[in-house]
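See structure below.
Numbering (the numbering used here), first residue to last: 3 to 246.
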């Protein structure tokens, strides 16, 4: 059998890079498996009125148009099942269309001017040096100076630089539990959630913002002096990819 026009169009999409402005278009379309179609307006109902639950699944950097094309072509059966259970919608993105900016707007409903996150980095007005935009580490209040050494006598603090009220705070105020798992720009986690695990923007044990992993069929000689992550060589064998 020969591929039809839709199959060829899908292959063309998968072979080329997506435009930057679609990086987080619609927070990956925000797949919402919403309790067999339970509308979000039900969140305003009185406490205990329903035992149905709403699940919102968002994927960073996944273009909803490409997802829909894969669903229609039969290449994404699990996405099709989720779509049948709830709703699948395109949402508008931010300007600029960068992950921390768009997710902060998704969380608060505010524009970048409202929540204060405009990029991955920001400028420290005191030093004019670039700093991470999601959180800031504050020095301890009491320090003992011994020559070239400074010994903290009290603990410091870390604050989330995102302004605005997260949407789950409105739920918990009404007695509706909200579990927030690995949503970006939520470190330190907002304590208004019933339970929460921070996602993108959480520092690792060496105080970096994470390491990348790049999988490629190119040889290692093509990537001299790579820093900040790891390059993995892969081979395609019998319709599967083996990484080394």
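The beta carbon of each residue, even a glycine, is placed where N, CA and C say it ideally should be. All of these numbers come straight from a predicted model, not from anything done at the bench.
Assigned secondary structure, residue i (DSSP; H/G/I helix, E/B strand, else coil)
i           : result
residue 102 : helix
residue 44  : Low confidence applies to residue 44: its pLDDT is 38, below 50, so where it sits in the model is not reliable, and the reading given next is rough at best. It is helical.
residue 80  : helix
residue 132 : strand
residue 117 : helix
residue 200 : strand
residue 193 : coil
residue 147 : strand
residue 244 : strand
residue 124 : strand
residue 70  : helix
residue 180 : coil
residue 110 : helix
Minimum C-alpha distance to residue i - residue among the options
i           : options            : result
residue 70  : 60, 82, 63         : 82
residue 138 : 219, 149, 125, 147 : 125
residue 209 : 218, 227, 160      : 160
residue 143 : 203, 60, 158, 228  : 158
residue 59  : 88, 121, 76        : 88
residue 54  : 178, 172, 162, 97  : 178
residue 242 : 227, 219, 226, 170 : 219
residue 57  : 64, 246, 170       : 170
residue 162 : 72, 205, 146, 97   : 205
Buried or exposed (CB count within 10 angstroms, at least 16 for buried), residue i
i           : result
residue 214 : exposed
residue 156 : exposed
residue 221 : exposed
residue 116 : exposed
residue 212 : exposed
residue 86  : exposed
residue 127 : exposed
residue 101 : buried
residue 234 : exposed
residue 207 : exposed
residue 90  : buried
Beta-carbon proximity check, residue i vs residue j, cutoff 8 Å
i           : j           : result
residue 201 : residue 190 : no
residue 181 : residue 188 : no
residue 174 : residue 198 : no
residue 258 : residue 106 : This structure leaves residue 258 out entirely; the chain is present only between 3 and 246.
residue 103 : residue 120 : yes
residue 217 : residue 231 : no
residue 92  : residue 66  : yes
Within-8 Å CB hit, residue i to chain C
i           : result
residue 139 : This model lacks chain C altogether, as it is built from one protein chain only.
Quick check: the region 91-110 against the region 153-171, are at least 3 beta-carbon pairs closer than 8 Å? yes
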